[in-house]
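Visitor:
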Amino acid sequence: MLLIITPNPSIDRTMVFTDLHLGSVQRTDEVLVTAGGKGLNVARAALTLGQAALVCAPLGGHSGALLADLAAAEGMQGRWSQHNAGETRTCVLLVNRSGGDATALNEAGPILSGADWASFAGLVVEVAAQASLCLVAGSLPRGVAASQLGMLLHQLHAAGRRVIVDTSGAALQSAIDARPYGIKVNASELGAILGYAIPDVDAAKAAVTQLHSMGIAVAVVSLGAHGAVAADASGVYWVAAPRIAVVSTIGSGDSLLAGLATGLLRGQNLEAALRLGVACGSADALTVGGGRIDLAEVASTGSATAPLAVAEPAEAELVEAMRRAQIF
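Residue numbering for the sequence shown is 4 to 331, as defined by the numbering used here.
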């Protein structure tokens, strides 16, 4: 089972515009309201891939109850800790189709007390006992120090759990210091910690090699349109992303993480798991809404990095084709 630890969940309200102009009255073409935060996006993509996953997150207020209902409606499994610190945050995502860009307006969220975090961390440790792989995805809530994430990672390590962390800032530094099984971040986030820019594939190779030398078994840095680079004991790998007509990149990194984790759980080597991750991230960028991927698009984008011939097969045949090509 894949456990997805989501410290700072949200209700994501995605508003799509044909041609967005700030400073004037605008009308949406489409609105999506989903259970969000990085971990929920990862779970959504993992569910599409057929990977059993459980989300663990702290929830509060009416919006917290709505998030649990929205997740259940999509078939996502969750274990929630309840707090009285206020409403679970809402994030607004503005997608501009004409410009091919998107803007995220993220609320900071409620301020959790020490008791709130202790309750959540205790639930995580309890549930993790049944997990084959754990992911920590997203930012920390206000009121929670970065060191508290490090403490949780030490607890999970002591319990023999493999954990891959996707976060940023001080939380990322604390995670690296705790030496989890894996780190998956984007170039900007990792560069801010390592103290140098990561503008290209060569710099990314150096960065993941440095992370691996620090005791991180699996180090992954995503490079947007340039794909992703990863390192483990077997070597350093780069998977280039295919050229696509991007709709929105918000959530693409989360789908990449879902694909990577799914591949690793299914026994793939790092190179094959990274191919699946990049294929999922690219498929996500073709849609609106984080973690929303289509298996046919995963197969199509994955064919840019591995041999695969798919001609409108039924879903079961598509899945088998991707497995044979080590994309799925």
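Beta carbons: idealized from backbone N, C-alpha and C, even for Gly.
1. Counting only runs of 3+ residues fully inside the segment 79 to 144, write out the beta strand (DSSP E) ranges in chain order.
2. Would you kindly check if the distance between the Cβ of Ser116 and the Cβ of Thr93 is under 8 Å?
3. With DSSP collapsed to three states, give me the class of Arg182.
4. Evaluate Ile296 with the Cβ neighbour count: other Cβ atoms within 10 Å of its Cβ, from every protein chain shown; 16 or more gives buried, anything less gives exposed.
5. Short check: CB of Asp257 to CB of Ala48, under 8 Å?
6. Return yes when the Cβ of Ala261 is within less than 8 Å of the Cβ of Gly294, no when it is not.
7. Using the three-state DSSP reduction, which class does Gly262 fall into: helix, strand or coil?
8. Report all residues from its chain with a CB closer than 7 Å to the CB of Ala210; omit the five preceding and five following residues, and keep chain order.
9. Considering only residues of the same chain and omitting the five flanking positions on each side of Gly78, which have a CB-CB separation below 7 Å?
10. Cα separation between Ala248 and His160?
11. When you compare each of Ala206, Ala236 and Ala231 to Gly218 by their alpha carbons, which one comes out closest?
12. In this structure, does DSSP put Ser216 in helix, strand or coil?
13. Closer than 6 Å by C-beta to Thr304: which residues in its own chain qualify, once you throw out the five before and the five after it? Chain order, please.
14. Out of Ala275, Arg165 and Leu214, state which residue places its alpha-carbon closest to the alpha-carbon of Trp241.
15. With Phe123 and Pro183 assumed to form a contact (beta carbons below 8 Å), what rounded beta-carbon distance in angstroms separates them?
16. Please state whether DSSP places Asp15 in a helix, a strand or coil.
17. Val95 to Thr252, Cα distance in whole Å?
18. List the residues that DSSP assigns as beta-bridge partners of Asp235.
19. What residue range does the alpha helix (DSSP H) around Asp400 cover?
20. Straight-line CA distance for Thr37 to Leu267?
21. Please report how far the alpha carbon of Val250 lies from the alpha carbon of Asp22, in whole angstroms.
22. As a quick exercise: from Arg145, Ala233 and Asn44, pick the residue whose alpha carbon is nearest that of Trp120.
23. Closer than 8 Å by C-beta to Leu73: which residues in its own chain qualify, once you throw out the five before and the five after it? Chain order, please.
24. What is the rounded straight-line gap between the Cα of Leu273 and the Cα of Ala233?
25. Looking at the strands, I want to know which residues DSSP matches up with Gly39.
Guide: Quick answer:
1. Qualifying beta strand (DSSP E) stretches, in chain order: 80 to 86, 92 to 99, 104 to 109 and 136 to 140.
2. Contact: no.
3. The DSSP-derived three-state label of Arg182 is coil.
4. It is buried - the Cβ of Ile296 has at least 16 other Cβ atoms within 10 Å.
5. Annotated as proximal: Asp257 and Ala48, with beta-carbon spacing under 8 Å.
6. The Cβ-Cβ distance between Gly294 and Ala261 falls below 8 Å.
7. In the structure shown, Gly262 falls within a helical segment according to DSSP collapsed to helix, strand and coil.
8. Answer for Ala210: Leu193, Leu197, Ile201 and Val224, listed in chain order.
9. Within the same chain, Gly78 has close Cβ partners Leu50.
10. Between Ala248 and His160, the C-alpha separation is close to 41 Å.
11. Residue Ala236 is the option with its Cα nearest to Gly218.
12. Three-state result, Ser216: helix.
13. Once the five neighbours on either side are set aside, the close Cβ partners of Thr304 are Pro245, Ala282, Ser285 and Ala286.
14. Per the Cα distances, Ala275.
15. No, Phe123 and Pro183 are not in contact; Cβ-Cβ is about 18 Å, not under 8 Å.
16. In the structure shown, Asp15 falls within a strand segment according to DSSP collapsed to helix, strand and coil.
17. Distance between the alpha carbons of Val95 and Thr252 is about 15 Å.
18. For Asp235, the pairing in a beta bridge is given by DSSP as Gly238.
19. This structure cannot settle anything about residue 400, because the visible part of the chain is limited to 4 through 331.
20. So the alpha carbons of these two residues sit roughly 27 Å apart.
21. It is roughly 13 Å from the alpha-carbon of Val250 to the alpha-carbon of Asp22.
22. Comparing Cα positions, the closest option is Arg145.
23. Within the same chain, Leu73 has close Cβ partners Ile14, Val36, Thr37 and Ala38.
24. Distance between the alpha carbons of Leu273 and Ala233 is about 8 Å.
25. Bridge pairing for Gly39: Ser13 [DSSP].
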